[in-house]
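Numbering (full-length UniProt numbering), first residue to last: 1 to 118. Ideal Cβ placement from N, Cα and C applies to all residues, glycine included. Here the structure comes first, spelled out in structure tokens, and everything after it is commentary.
The structure is reproduced here in structure tokens:
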């Protein structure tokens with residue numbers, strides 16, 4: 001809920017929180033429209049899925065922030081730098097969300113869908 005409120009403070013309101021990896025995978029697999037942004041806690045995958053590799057190859061997710069990820073992750077390939085952001089913070093703060101949205105939505109108000117996974 002905290003992450004959703006941060007997006008709301010920046011006037012982004014189409015947030016769809018999900019509670020499990022299975023729920024997220026269902027939304028991504030069966031969603032008719034790609035998601036502009038996915039914000040996900042790395043712990044949600046709990047080793048069951050390599051989130052970075054999955055998201056790099058996932059056409060249904062245009063941008064992603066993986067938070068709660070230890071810094072020892074291997075670097076993201078150059079082509080994925082704009083698509084995937086990684087944060088070791090337990091929860092992203094307002095500054096992190098603002099930087100992320102400057103990449104996702106550099107000029108226009110954000111009108112896409114955001115998934116916040118806790």
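- Every beta strand (DSSP E) of 3 residues or more that sits fully in the segment 49–105 is shown, in chain order, as 64–67, 84–87.
- Per the C-alpha coordinates, the member of 62, 4, 19, 21 positioned closest to residue 13 is 4.
- Residues 36, 37, 38, 82, 83, 84, 85, 100, 103, 104 of the same chain have their beta carbon placed closer than 8 Å to that of residue 63, with the five preceding and five following residues left out of the count.
- Between residue 24 and residue 18, the gap from beta carbon to beta carbon is short of 8 Å.
- Residue pairing by DSSP places residue 35 opposite 61 in a beta bridge.
- DSSP places residue 30 inside the alpha helix (DSSP H), whose first and last residues are 21–30.
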